[in-house]
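Notes for the one structure printed next.
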Amino acid sequence: MKKKITLLPGDGIGPEVLSQARKVLDAVASVYQHQWEYNEGKIGAAAIDATGTALPQQTLELCMESDAILFGAVGHPRYDNDPKAAVRPEQGILGLRKALELYANIRPIQTYAALRHLSPIHLKRKEEVNFIIFRELTAGIYFGDKETTNNGSTAVDTCKYSKNEVERIARMAFEYALGRKRKLTLVDKANVLETSRLWRRTIQELSAQYPEVSVEYMYVDNAAMQIILNPYQFDVILTENMFGDILSDEASVLCGSLGMLPSASLGEHTALFEPIHGSYPQAAGKDIANPIGAILSAALMLEYFGLKEEAGHVRDAVEWSLENRFVTKDIDTINFYFTSTVGDLIADYITGRIPDSVKQENILLRKSTII
Ligand code: IPM
Ligand code: MG
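So for the sequence shown, our numbering puts the first residue at 1487; every next one is plus one.
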């Protein structure tokens, strides 16, 4: 298979984690005889520095012409404490989502036996948690009209949804639920918000077309609690933009590290794959960030290309690295490996350069020396 992939490393740890994902994709290409043609574009603070805008036209064009986009992270502390900044790194990813109409953001929440001890939440069952969040990504309060008036003393953000915007992602979530445990939970705030009532009505209507899927409605405040109390009850969560942003960070805690979680954004144009973590500026350039969220995002991309076996191989490699504790500092603060080493090991596992029976001692030489 031949595919054009645009890499958007962005800011902070983005470039480091993305190059590990690329290593892994190259390993997959060599084992399964695929060809990836990479392009690289600027986005976020890196793009502002170079061009004055967070999403240069050239980057957008590259994205439009590719088969998929692999994205790192955007954000820089320089802008965080400057509420007056007219240009912000986040405009890069928000603009891209809007321009490509990537309305469905899919965030799988998965725990791993090897990481259970890291989670502040004690899981009551032996089995792993596995559910998926469908977050609407191109409307709602993120993209509604905004204004600041009265000399800066009043501000407005508008949350707006059309039925069509709700329906298109809801359809995708229903279809997805059919291939899983056939349970869909709509998370909203229908006791207060008009937009939530539109979501509820739309899902109620649509559910008639999916009689095999059982639908449940849950207020977002309760959902925030239920994710911690009993995450096993969920299969597919469907929700609007901001609720999905918040709940997915919360859910990542179950798995032990935000650095583990991938996501896929699908819509009208080129699909985009990105870890859910941010640019983590404090770790930038130190080779300590967890590359697994980016690597698993590459696995989602392979699945999107229809390459199920390859995607499975990448996931096996990730599990193998966790089981053997070839992990970064967020997971093991004492015996950790560098970002680039974890990337090498996962890629080597895929190309078969590491025998299945590998003993941890055999790889001790690659271990970090900065403990
Ligand atoms: C995410 C991030 C973004 C968002 C930021 C960087 C704008 O938090 O992808 O979850 O809020 O959508
Ligand atoms: Mg977020």
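Every residue gets a Cβ at the ideal spot worked out from N, C-alpha and C, and that includes glycine. Predicted, not measured: the structure shown is a model, and the values here were computed from it.
Environment of residue i [buried if 16+ CB atoms lie within 10 Å]
{"i": "His1603", "result": "exposed"}
{"i": "Leu1715", "result": "exposed"}
{"i": "Ile1491", "result": "buried"}
{"i": "His1562", "result": "buried"}
{"i": "Glu1680", "result": "exposed"}
{"i": "Ala1559", "result": "buried"}
{"i": "Gly1578", "result": "buried"}
{"i": "Ile1856", "result": "Because the pLDDT of Ile1856 is 43, which lies under 50, any placement of that residue in the model is unreliable, and the number read from its coordinates should be weighed accordingly. Counting Cβ neighbours within 10 Å, Ile1856 comes out exposed, since fewer than 16 surround it."}
{"i": "Ala1833", "result": "buried"}
{"i": "Val1642", "result": "exposed"}
{"i": "Thr1814", "result": "buried"}
{"i": "Arg1811", "result": "exposed"}
{"i": "Val1828", "result": "buried"}
{"i": "Gly1771", "result": "exposed"}
Identified DSSP bridge partners for residue i
{"i": "Leu1609", "result": "Looking at the DSSP assignment, Leu1609 forms no beta bridge with any residue, so it has no partner."}
{"i": "Met1704", "result": "Val1673"}
{"i": "Leu1556", "result": "Leu1493 and Phe1759"}
{"i": "Gln1596", "result": "Asn1616"}
{"i": "Trp1522", "result": "Lys1489"}
{"i": "Pro1569", "result": "In DSSP, Pro1569 forms no bridge with anything."}
{"i": "Asn1591", "result": "Arg1621 and Ser1751"}
{"i": "Asp1643", "result": "Lys1632"}
{"i": "Phe1713", "result": "For the record, residue 1713 in the displayed sequence is Ile; it is not Phe. Paired residues: none, contrary to the question."}
{"i": "Val1699", "result": "In the DSSP output, where bridge partners are listed per residue, Val1699 has none listed."}
{"i": "Leu1724", "result": "Phe1620 and Leu1672"}
Spatially closest choice to residue i from the options, by CA coordinates
{"i": "Lys1649", "options": "Phe1620, Thr1640, Pro1717 and Thr1688", "result": "Thr1688"}
{"i": "Ala1775", "options": "Asn1591, Ser1743 and Ala1554", "result": "Ser1743"}
{"i": "Gly1569", "options": "Thr1634, Gly1527, Glu1523 and Phe1617", "result": "Residue identity check: residue 1569 is Pro in the sequence provided, not Gly. Checking every option, the nearest Cα to that of Pro1569 belongs to Thr1634."}
{"i": "His1520", "options": "Arg1654, Gly1792 and Lys1612", "result": "Gly1792"}
{"i": "Ser1550", "options": "Ala1784, Asn1636, Asn1677 and His1755", "result": "Correcting the residue identity first, residue 1550 is Met in this sequence and not Ser. Residue His1755 is the option with its Cα nearest to Met1550."}
{"i": "Asp1566", "options": "Pro1767, Asp1802 and Asp1816", "result": "Pro1767"}
{"i": "Asn1525", "options": "Arg1508, Ala1531 and Ile1713", "result": "Arg1508"}
{"i": "Leu1758", "options": "Ala1585, Asn1708, Gln1506 and Thr1537", "result": "Ala1585"}
{"i": "Leu1582", "options": "Ala1554, Glu1796, Ala1600 and Leu1546", "result": "Leu1546"}
{"i": "Asp1707", "options": "Ser1693, Tyr1696 and Thr1725", "result": "Thr1725"}
{"i": "Gly1753", "options": "Tyr1647, Ala1590, Ala1599 and Thr1539", "result": "Ala1590"}
{"i": "Leu1623", "options": "Cys1741, Val1652 and Glu1614", "result": "Val1652"}
{"i": "Ala1640", "options": "Tyr1647, Lys1646 and Lys1632", "result": "The sequence given here has Thr at residue 1640, not Ala. It is Lys1632 whose Cα lies nearest to the Cα of Thr1640."}
{"i": "Gly1496", "options": "Ile1836, Ser1505, Trp1522 and Gly1530", "result": "Gly1530"}
{"i": "Tyr1898", "options": "Leu1541, Pro1594, Arg1611 and Met1487", "result": "The requested residue 1898 is not part of the displayed model; the chain covers only 1487 to 1857."}
{"i": "Leu1493", "options": "Ala1536, Leu1672, Lys1528 and Ala1710", "result": "Lys1528"}
{"i": "Glu1736", "options": "Ala1709, Ser1751 and Trp1685", "result": "Ala1709"}
{"i": "Ala1780", "options": "Gln1690, Gly1500, Arg1686 and Met1487", "result": "Gly1500"}
{"i": "Ile1595", "options": "Leu1541, Ser1700 and Ile1723", "result": "Ile1723"}
{"i": "Leu1664", "options": "Tyr1696, Asp1830 and Tyr1705", "result": "Tyr1696"}
{"i": "Met1704", "options": "Thr1671, Ile1618 and Leu1684", "result": "Thr1671"}
Practice item. Determine, using beta-carbon pairs with one atom in the region 1761-1776 and one in the region 1651-1661, whether at least three such pairs fall under 8 Å. Key: no
Check your understanding: Would you say the region 1785-1802 touches the region 1503-1517, given that touching needs at least three Cβ pairs under 8 Å?
Key -> yes
Point to revise | Every unbroken alpha helix (DSSP H) within the region 1768-1808, with a cutoff of 4 residues, ordered by chain | key: Correct list: 1778-1790.
Review point. Using 8 Å as the threshold, is the region 1822-1838 in touch with the region 1798-1813, meaning 3 or more CB pairs across them?
Key: yes
**Study point:** alpha helix (DSSP H) segments (min. 4 residues) lying fully within the region 1808-1837
**Key:** 1825-1837
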